Ligand code: SF4
């Protein structure tokens, strides 16, 4: 699999404390995408499914969230990954996609097989003009589908944003995870960092 990033403890992309996996490469180009660095199919790290499974099974708490990039562009690899994980741990799977649920139901055999393993699906491309503070998603066209009975409670909970998770890494660099409340968050952050750098120069 070609992976952009992983995080062993994410509280803002699906219910509970989840292992987050971002795949590299996406066929869509949504203006204002929050992960522009992960859209090219040429970057990322090539990781063996066995190694990823070991890390996820060892460190995931409540489930696995897969985002990107476009998870359904690596559907066969993710099917192998999730099937192998579930041989030892029955983890829930939350998945983000730029495709609609209807398109995936007409997708390739591997895409349909992956869809059959997903418990919660956030579907549809990000549309900047429809940005809104929603639970685990960013624009009003994106839907949260509860596809199994594992997370039925989600249906009755408020559709409020989960917020951002901000951490300082060992190198002192700040890292954030989650779905920003406002459009242009990444650009605003970069502009603020430039301002601080030029002030300190
Ligand atoms: S589908 Fe998602 S990852 Fe791909 S361009 Fe759109 S927002 Fe970005």
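In this note's numbering, the protein residues as written are 13 to 213.
The beta carbon of each residue, even a glycine, is placed where N, CA and C say it ideally should be.
Everything numeric in this text was worked out from a predicted model, so none of it was measured.
When burial is assigned at 16 or more other CB atoms within 10 Å of the CB, is residue i buried or exposed?
{"i": "residue 187", "result": "exposed"}
{"i": "residue 167", "result": "exposed"}
{"i": "residue 55", "result": "exposed"}
{"i": "residue 211", "result": "exposed"}
{"i": "residue 202", "result": "exposed"}
{"i": "residue 160", "result": "exposed"}
{"i": "residue 104", "result": "buried"}
{"i": "residue 184", "result": "exposed"}
{"i": "residue 154", "result": "buried"}
{"i": "residue 70", "result": "exposed"}
{"i": "residue 174", "result": "buried"}
{"i": "residue 63", "result": "exposed"}
Grab the span of the alpha helix (DSSP H) containing residue i for me, first residue to last.
{"i": "residue 121", "result": "121-127"}
{"i": "residue 204", "result": "197-212"}
{"i": "residue 32", "result": "Residue 32 -> not in any alpha helix (DSSP H); beta strand (DSSP E) instead, spanning 30-35."}
With residue i and residue j assumed to form a contact (beta carbons below 8 angstroms), what rounded beta-carbon distance in angstroms separates them?
{"i": "residue 46", "j": "residue 16", "result": "The Cβ separation is near 12 angstroms, so there is no contact."}
{"i": "residue 189", "j": "residue 24", "result": "6 angstroms"}
{"i": "residue 143", "j": "residue 195", "result": "4 angstroms"}
{"i": "residue 191", "j": "residue 162", "result": "Not confirmed; about 21 angstroms, so no contact."}
Among the residues of its own chain, which have a CB less than 8 angstroms from the CB of residue i, if the five just before and after it don't count?
{"i": "residue 91", "result": "122, 125, 126 and 129"}
Which residues bound the beta strand (DSSP E) around residue i?
{"i": "residue 52", "result": "Where residue 52 is concerned, there is no enclosing beta strand (DSSP E), given that its DSSP letter is neither H nor E."}
{"i": "residue 186", "result": "186-190"}
Going by beta carbon distance, what residues of the same chain come within less than 7 angstroms of residue i, once the five residues before and after it are set aside?
{"i": "residue 172", "result": "147"}
{"i": "residue 68", "result": "31, 76 and 97"}
{"i": "residue 137", "result": "40, 42 and 110"}
Beta-carbon within less than 6 angstroms of residue i's beta-carbon, same chain only, minus the 5 sequence neighbours each way: which residues are those?
{"i": "residue 140", "result": "43, 44 and 195"}
### Message
Under 8 angstroms: do the region 119-130 and the region 39-52 share three or more Cβ pairs, one atom per stretch?
### Response
Short answer: they don't touch.
### Query
Does the region 81-97 come within contact of the region 27-44, defined as at least 3 CB pairs closer than 8 angstroms?
Contact between the region 81-97 and the region 27-44 is present: 3 or more CB-CB pairs across the two stretches fall below 8 angstroms.
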